[in-house]
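Position 228, counted from 1, in the sequence shown is what the numbering used here calls 210; the numbers after and before it change by one each time, with no gaps.
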Amino acid sequence: MNKLSCLLASIYLSLSVLYGADWPQWRGSDRLGVSQESGLLKSWPSGGPKLLWTGGEVGEGFSSLAIVNGRIFTMGDKAGQSYLFCLNQKGGAIRWSLKVGKSGGNYSGTRCTPTVDGDLVFALGQFGDLVCVEIASGREIWRKNLANDFGGSSGGWNYSESVLVDGNNVICSPGGRHATALALNKRTGSTVWKTALPGGGESHYSSWVISNGAGVKQYVRLFAGGTFGVAAANGKFLWRYDELGSNTANIPTPIPFGDYVFTAAGYGKGGALLKLSRNRGGVAAEEIYFKRELKNKHGGIVKVGNYVYGDFDDRGSPWCADVRTGEVKWRRDSGGRGSGSACVTYGDGRLYFRYQDGIMGLVDASPLGAFRQISSFKIPDGMKKSWSHPVISNGLLYLRGLDKILCYDVRDPGRASAPVSAIRLWTDSSGRFKVEAALKGVQRGKAILKKRDGSTFEISLDRLSSADQAYLLSL
C-alpha cells in the first residue's frame, strides 16, 4: 500500500461519523471482531468513558453479547440452569429468559454467544443443548443436544462454540466420530448434512467462519485435530491443517480473507497463514508460514488492513504482526495496565482489550513504533476471571461483568457534531465524472457524497481525482 492509500485509509478511520451498527453474533456481523463504526472516542477519561447503565443479572458466564434492533442477547448460569436472556438495549432490563440446559461445567458458566437471524435467535449450552427461539415471544421453536442426538464430544471444557447461521442452515460442531460437523435446518432443526472429519476429534472451542477461498464457499474452523475446511453446499471435507492439532485446547476463530486463512492457537502452539487453492480433489491448504510468536488462547485475533492483533497466549501481552509475513511489529513487554488473557475487539483506529483481571484498555492500532496503551479503567465487579469479548454497537461499548452487563458511551461528541463538508465540485481521475455534492462521510474505502437534491451515492477513494484526494487529506 502506497503512502497516499495509507493516508486515505486513515481518513476512513477518522473522518466518518457512522453509528448504528448492530452486532448480531459472535465477533460481529462477519465474525471478524472488527466494528465498522467511527466517531468513537480516541482516548478515555482517567475513570473510563461514561457508564450509562449497569443491568441484567444474567448469571455466571463467559458468553459475549449479540445486539440487534434494540435488544441484547446473552447467556448465563443461574440457580442450577443455563439460560438464554433477551434484554432491552436501553437500560438492560430483562425482557424474557429461556432455560437452555443444566449449569456448571469445567469452569462454571455459559460459553456461547447467541446468534440472531431475522426473527430467530440460536444458543448453545455448555452441555450441548442447542435451542432455536422466537425473538418476539421468547418461545422455544426446537431443540437438539449435540452429544446425545449426534454422538458428539466437546472436550474437557465443554461446548463453547457460537453457532453459525448461513442462509437456511445452522452450522455447528458436535465433534467426535459420527458428526464432527453438522448443518441443521434453521426453522425445523432437521439434519441437512453431517460430516465425520478425518482426524477432527473433539469439537473443542472455536467457531465457524465463512471463506470463499479458491473460489469455493466453505466453512472453516479449529477442532482438536487442527484447522479444517468443509464445503458449504454439502459438508464435504475439503482440507486440514494439522500443525495446530494434538493441542490442549483450540479456541480462536480463524480469519479468512481472499484465498487466505489466518489461524492460531495457544498452549505453546502459534499462528499460521494458509493459502487455499484448487486441486483435483477440491481445495488444498498450503502453509505460507508458521510462527510461534503468534500464539493466542482465549482472547481472539482481529485483522485490520495487512496487520493482525492478538494476545500472546494468555499472558496479557498484546502483539501486532504483518499478516503477509508473520513478522511481529510490536509486543507488550511492559507498560500499561492489565494482566492475564486479553480479549480484543477493534473499532475506529483503536484496539479494545479486556483483560482477565478486570482492566479495560484502549490501545493504538498503528503497526508503527511500539505497544501504546492510551487509556484504561477498572471494570466494576471485574475481579472475577472473565474471557467475555467486548462489543461495540451504536457508539456504545458493552462489557460482561460478574453477572451483569455494563454499557459505556464511547461516542466522541466533538467529532459527531463537527460539519463534514460544504458543497463542492467532485471529479474522478479521468475527468469524465463531475458532480456538486457535500462529503457525508467515508466508509469501507468509499466517499459518501450528498448532492443538492438530497440524494446520496458512493465513489471509491482511489477513483477520485488527485485534487479531491488532496482535499480529503486536508480535512
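Even glycine gets a Cβ: it sits at the ideal position worked out from N, Cα and C. The structure presented is a predicted model; accordingly, all values stated were derived computationally and were not measured.
Strand pairing of residue i, partner residues [DSSP]
i, result
"Y242", "F239, K257"
"I430", "G423, E440"
"F104", "T97, C114"
"I283", "G292"
"G360", "A quick correction: the sequence has Lys, not Gly, at residue 360. K360 is bridged to I341."
"S224", "What sits at residue 224 in the sequence shown is Asp, not Ser. DSSP output for D224 lists no bridge partner at all."
"A129", "Paired residue(s): none; A129 is not in a bridge."
"V417", "W408"
"Y390", "L33, L379"
"N194", "None; N194 has no bridge partner."
"S54", "First, the amino acid is wrong: residue 54 is Ile here, not Ser. Its beta-bridge partners are I49, L69."
Closest by C-alpha distance to residue i, when choosing among the options
i, options, result
"G197", "D241, R445, P180", "D241"
"V145", "S188, R159, G138", "S188"
"D304", "Y271, G211, H280", "Y271"
"V326", "D450, N140, K279, K360", "K279"
"A206", "G253, K257, F359, R222", "R222"
"S136", "G52, V174, V115, A231", "A231"
"S79", "Q108, S85, I117, G73", "I117"
"S28", "D330, L220, G318", "G318"
"E122", "N288, C154, G157, G83", "G83"
"F55", "G329, K72, A61", "K72"
"R410", "C114, R393, E440, Y390", "The identity of residue 410 in the sequence shown is Asp, whereas the question assumes Arg. Among C114, R393, E440, Y390, the Cα nearest to that of D410 belongs to E440."
"G477", "N70, A48, K81", "In this structure the chain extends from -17 to 457, so residue 477 is not present and cannot be described."
"G195", "V265, T245, I153, V174", "V265"
"G322", "F294, R332, S348", "F294"
"L330", "V286, D363, S357, I341", "In the sequence under discussion, the amino acid at residue 330 is Asp, which differs from the Leu named in the question. Measuring from the Cα of D330, the nearest candidate turns out to be V286."
"G15", "D346, L333, I356, L431", "L333"
"V40", "F67, D363, F353", "F67"
"R306", "Y328, T209, P238", "P238"
"V103", "E418, V290, N151", "N151"
"L258", "K199, G107, G138, V310", "K199"
"V191", "S11, R406, A449", "S11"
"Q138", "Y89, S25, S448, R314", "Reading off the sequence shown, one finds Gly at residue 138, where the question assumed Gln. Among Y89, S25, S448, R314, the Cα nearest to that of G138 belongs to Y89."
CA-to-CA distance, residue j to residue i, given in whole angstroms
i, j, result
"R93", "L33", "25 Å"
"L23", "L128", "42 Å"
"P180", "L421", "53 Å"
"R262", "T235", "28 Å"
"S461", "R382", "This structure cannot settle anything about residue 461, because the visible part of the chain is limited to -17 through 457."
"L443", "E143", "38 Å"
"C302", "Q18", "20 Å"
"S399", "D4", "Model confidence at S399 stands at a pLDDT of 43, short of 50, so the residue's coordinates are unreliable; what they give is reported in the following sentence. Their backbone Cα atoms lie some 22 Å apart in a straight line."
"V402", "K433", "Confidence at V402 is low in this model, with a pLDDT of 44, below 50, so the placement of that residue is unreliable and no value is reported for it."
"L344", "G120", "36 Å"
"K126", "W312", "45 Å"
"R260", "G351", "39 Å"
"R461", "Y201", "Because the chain in this structure spans residues -17 to 457, residue 461 falls outside the shown range and cannot be described."
"C389", "Y380", "5 Å"
"L378", "V392", "5 Å"
"R13", "T97", "11 Å"
"W8", "V243", "18 Å"
"S(-4)", "G21", "Any reading at S(-4) needs caution, since the residue's pLDDT is 47, under 50, leaving its predicted position unreliable; the model's value is listed next. Their backbone Cα atoms lie some 7 Å apart in a straight line."
"K367", "D339", "6 Å"
"L446", "G423", "14 Å"
"L132", "K60", "Looking at the sequence itself, residue 132 is Phe, so the reference to Leu does not match. Approximately 27 Å between the Cα atoms of the pair."
Test item: CB-CB of residue i and residue j under 8 Å
i, j, result
"G58", "D385", "yes"
"K251", "K273", "no"
"G292", "G282", "yes"
"G211", "S193", "yes"
"G217", "K176", "yes"
"A254", "E269", "yes"
"P300", "A324", "yes"
"M342", "I361", "yes"
"S185", "G208", "no"
Cutoff 8 Å: residue i Cβ touching any chain B Cβ
i, result
"N278", "Within the model displayed, chain B is absent; a lone protein chain is all it includes."
Anticipated Cβ contact below 8 Å, residue i with residue j, distance rounded
i, j, result
"E42", "G110", "That belief does not hold up - the Cβ atoms of E42 and G110 are roughly 18 Å apart, past 8 Å."
"D346", "R354", "4 Å"
"I153", "A161", "Actually they are not in contact, since the Cβ atoms of I153 and A161 sit about 12 Å apart, beyond 8 Å."
"G38", "L69", "6 Å"
"D148", "A213", "About 12 Å; that fails the 8 Å criterion."
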